[in-house]
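The structure appears right after this line, and notes come after that.
Residue numbers (our numbering): 549 to 1175.
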């Protein structure tokens, strides 16, 4: 029979589809199996309305057959098959989809089937790995079988052939290996099994293949066993996704096993959330909060995202658009028949459905975490140790866009409770006249607890939140207030209104000493002032409004050459004996007074966790003053 030319626009179009549309060559098997599944679904649907169709769902199957010597890979189904006109329309016209037309003809009933294909190009992806394709098919109820053959863009032939039962065989002659491409991998049993489980595990018809297995020979002794290889037909796919089952019918250990196997984690998930939504967008989701942080979680190599399926067929391994950054630790799957896919079914079009799903999942995750915090505090604190920092980043990022969503999930260490507490719990314990949410930043709770700036508030019985992570202060500055209570740093801001006036009065009373210290220290400090926050300590260093010392340390760590520094404001306790000694020295021995001023400044630097410019000089000065 004479070769026919494709009715599409030529070799260029086919070359474009084969070489540009599909990113990964392995996708071809997903496409061919999806077409086989569609064929089975069409005949299954026909059986609902045609009493002549004697098959029922359990009779349908998809089979893979390999002939390594001939380099042939065959995918067979016993679905509806095609006649000559179908071959002309579906395989003779590139980008003509029989499945899409079928769904249009079904109208509203299309929702009850799992027909996947819609673009009509998936079949041609096989030319990425095959240099010749033969299709042998017979339509259900038809008398004749037909053979379609093509080696690519040069065209195709259709001839009559023999085939006993309805269905379709796709016979692909796999290309020879090259230095760059090892096409022979698609003739290996293990590789085909891997691809089926990756992309087509939830096709709802059994995908079967003969595989090699090993067993001990009968009759041989246990101490000297001999083994033999035999062939056995095995179903490669699980067919029914765990997320399609009712949650009440799934045991916790089943969810745990699914999570460990699917996401290659050695620990069980901390939380499992099943979602089933119908309406404007229909989808099912299974979300997991990991029990342990991945080793690469806070690195550039970590990729967020949920596995995305359309009718059980894997579309994307990690769809980042389904998760906001503040919930990037979540793993799971989303399956929807309503997604608008691109032509290669590899990437998702950024459409309304995707945004709706992502928004709903964000609300669901917030609700689940809030419920865990309320009802399972110990479990939530275990989660917080692993991923709490991510929620804080979520508050600080995007100019505080998500702070209202996340603020009630935050935990900070409490000076009075000696454990992590929520902002709501802190506010509920505030004293009647307390106007601010007090916090202090430091390396750890133990070191913060010893800071001189904490003494006055402790004496009053005020609770202080101890910030121990670099993001904490950014988080507080983004929130600004909680339940109309402003955040206030006890290290850098005045503790109460009117304190500034008290400090100014103290400076006026000891003006000569303060002027002397400022002149002695020069540009090392922006200001020298009387402290309204010190009790038993003589000195502390504050940064005032704006950049704090902890922020300075952060920027110096990530941008060492930036030169970003916080202001240095030296606060002196005028009631401390050390200040009185300094004041006396100013009048009697100015040189000694300069040494006292330097010593107090260096002590303030050490208390603030800042680096001394001359540690050796500091120790020499201490020794000199001890003589």
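The C-beta atom is built at its ideal place from N, Cα and C for all residues, glycine as well.
Quick one: Cα of residue 618 to Cα of residue 722, how far? Numbered from 1 along the chain shown, position 70 holds the residue referred to as residue 618. Numbered from 1 along the chain shown, position 174 holds the residue referred to as residue 722. Going by the C-alpha atoms only, they are around 9 Å apart.
At a threshold of 8 Å, does residue 868 count as lining the ligand FMN (C-beta to nearest heavy atom)? Questions concerning the ligand FMN fall outside what the structure shown contains, since it holds no ligand whatsoever.
What's the gap between the Cα of residue 1179 and the Cα of residue 1019? Given a span of 549 to 1175 for the chain in the structure shown, any question on residue 1179 remains unanswerable.
Residues that DSSP places opposite residue 962 in a beta bridge: Position 414 of the chain shown, counting from 1, holds the residue named residue 962. DSSP lists 1013 as partners of residue 962.
Do you know how far the Cα of residue 831 is from the Cα of residue 883? The residue labelled residue 883 in the question sits at position 335 within the chain shown. The residue labelled residue 831 in the question sits at position 283 within the chain shown. Approximately 6 Å between the Cα atoms of the pair.
So, does the segment 614-631 touch the segment 684-696, judging by three or more C-beta pairs under 8 Å? yes
Could you name the residues that DSSP lists as bridge partners for residue 1033? Residue mapping note: residue 1033 aligns to position 485 of the chain shown, counting from 1. Bridge partners of residue 1033: 1030.
I'd like the span of the beta strand (DSSP E) that includes residue 610, first residue to last. On the chain shown, position 62 is the one that residue 610 refers to. From DSSP, the beta strand (DSSP E) with residue 610 extends over 610-615.
Apart from the five residues just before and just after residue 992, which ones in its own chain have a Cβ nearer than 7 Å to its Cβ? Within the chain shown, the letter at position 444 stands for residue 992. Closer than 7 Å at the Cβ level, and outside the excluded window around residue 992, lie 1016.
With DSSP collapsed to three states, give me the class of residue 877. For this step, residue 877 is matched to residue 329 along the chain shown. DSSP places residue 877 in coil when its eight states are reduced to three.
What does the Cβ neighbour count give for residue 949, buried or exposed, with the cut at 16 atoms within 10 Å? Taking the chain shown and counting its residues from 1, one reaches residue 949 at position 401. It counts as exposed.
So, with DSSP's three-state summary, where would you put residue 819? The residue given as residue 819 occupies position 271 in the chain shown. If DSSP states are grouped into helix, strand and coil, residue 819 belongs with the strands.
What are the start and end residues of the beta strand (DSSP E) that includes residue 732? Numbered from 1 along the chain shown, position 184 holds the residue referred to as residue 732. Unbroken run through residue 732: none, as it is neither H nor E.
Alpha carbons only, please: which of 999, 719, 678 is nearest the one belonging to residue 584? Translated into the one-based positions of the chain shown, residue 584 becomes position 36. The residue with the shortest Cα to Cα distance from residue 584 is 719.
How many Å lie between residue 838 and residue 934 at the Cα? Start at 1 with the first residue of the chain shown, and residue 838 comes out as number 290. Start at 1 with the first residue of the chain shown, and residue 934 comes out as number 386. Near 9 Å, if we compare the C-alpha coordinates of residue 934 and residue 838.
I'd like to know whether the C-beta atoms of residue 777 and residue 755 end up nearer to each other than 9 Å. Mapped onto the chain shown, residue 777 falls at position 229. Mapped onto the chain shown, residue 755 falls at position 207. Cβ distance not < 9 Å, so residue 777 and residue 755 don't count as in contact.
Alpha carbons only, please: which of 1100, 1065, 1111, 1126 is nearest the one belonging to residue 1118? Residue mapping note: residue 1118 aligns to position 570 of the chain shown, counting from 1. Nearest C-alpha to residue 1118: 1065.
Can you tell me whether residue 713 is buried or exposed? The criterion is at least 16 other CB atoms within 10 Å of its CB, across all chains shown. Counting from one through the chain shown, the residue named residue 713 turns up at place 165. Classification for residue 713: exposed.
Whole-angstrom distance between residue 764 and residue 771, CA atom to CA atom: Start at 1 with the first residue of the chain shown, and residue 771 comes out as number 223. Start at 1 with the first residue of the chain shown, and residue 764 comes out as number 216. Residue 771 and residue 764: Cα-Cα distance of roughly 12 Å.
State the CB to CB distance for the pair residue 1001 and residue 1081, rounded to an integer number of angstroms; the pair is presumed to be in contact (CB under 8 Å). Taking the chain shown and counting its residues from 1, one reaches residue 1001 at position 453. Taking the chain shown and counting its residues from 1, one reaches residue 1081 at position 533. Right, their Cβ atoms sit about 5 Å apart.
Going by the CB atoms, is the gap between residue 751 and residue 833 shorter than 9 Å? By one-based count along the chain shown, residue 833 stands at place 285. By one-based count along the chain shown, residue 751 stands at place 203. Against a cut-off of 9 Å, the Cβ pair of residue 751 and residue 833 comes out as no contact.
Measure the C-alpha to C-alpha separation of residue 574 and residue 818 and round it to an integer number of angstroms. In the chain shown, counting from the first residue as 1, residue 574 sits at position 26. In the chain shown, counting from the first residue as 1, residue 818 sits at position 270. Those two C-alpha atoms are separated by around 34 Å.
Euclidean distance between Cα positions of residue 920 and residue 791: Position 372 of the chain shown, counted from the first residue, corresponds to residue 920. Position 243 of the chain shown, counted from the first residue, corresponds to residue 791. Distance between the alpha carbons of residue 920 and residue 791: 22 Å.
Might you give, ordered along the chain, the residues of its own chain that have their beta carbon closer than 6 Å to the beta carbon of residue 739, omitting 5 neighbours on each side? The sequence position of residue 739 within the chain shown is 191, counting from 1. Hits under 6 Å: 733.
So, for residue 611: in the same chain, excluding its five sequence neighbours on each side, which residues have a beta-carbon less than 6 Å away from its beta-carbon? Numbered from 1 along the chain shown, position 63 holds the residue referred to as residue 611. The answer, listed in chain order, is 624, 756.
Per DSSP, the bridge partner or partners of residue 941: Here residue 941 is taken as the residue at index 393 of the chain shown, counted from 1. Looking at the DSSP assignment, residue 941 forms no beta bridge with any residue, so it has no partner.
Ordered list of alpha helix (DSSP H) runs contained in the segment 1043-1114, each at least 4 residues: 1047-1057, 1059-1069, 1097-1106
Please name the residue, chosen from 938, 990, 1113, that lies closest to residue 963 on a Cα-to-Cα basis. Taking the chain shown and counting its residues from 1, one reaches residue 963 at position 415. It is 990.
Assuming residue 1103 contacts residue 1110 (C-beta within less than 8 Å), just tell me the rounded distance between them. As a working mapping, residue 1103 is identified with position 555 in the chain shown. As a working mapping, residue 1110 is identified with position 562 in the chain shown. Contact flag correct, Cβ pair sits at about 6 Å.
DSSP beta-bridge partners of residue 715: The residue you call residue 715 lines up with position 167 of the chain shown. In the DSSP output, where bridge partners are listed per residue, residue 715 has 686.
Determine the closest residue to residue 586 out of 702, 671, 700, 1087, with distance taken between C-alpha atoms. Within the chain shown, residue 586 is the residue found at index 38, counting from 1. Looking at the Cα atoms, 671 is the closest of the given residues.
Is residue 988 helix, strand or coil by DSSP? The residue given as residue 988 occupies position 440 in the chain shown. Three-state DSSP puts residue 988 in a strand.
Within the continuous beta strand (DSSP E) that includes residue 625, where are the two ends? To locate residue 625, count along the chain shown from 1; it is residue 77. Its beta strand (DSSP E) spans residues 620-625.
For residue 867, which residues does DSSP report across the bridge? Along the chain shown, read from residue 1 onward, the residue named residue 867 stands at position 319. Answer is 854.
Less than 9 Å between the C-beta atoms of residue 1072 and residue 1116, yes or no? Locating residue 1072 in the chain shown gives position 524, where the first residue counts as 1. Locating residue 1116 in the chain shown gives position 568, where the first residue counts as 1. Against a cut-off of 9 Å, the Cβ pair of residue 1116 and residue 1072 comes out as a contact.
Considering only residues of the same chain and omitting the five flanking positions on each side of residue 579, which have a CB-CB separation below 6 Å? As a first step, residue 579 is located in the chain shown; it is residue number 31 there, counting from the start. The residues are 670, 673.
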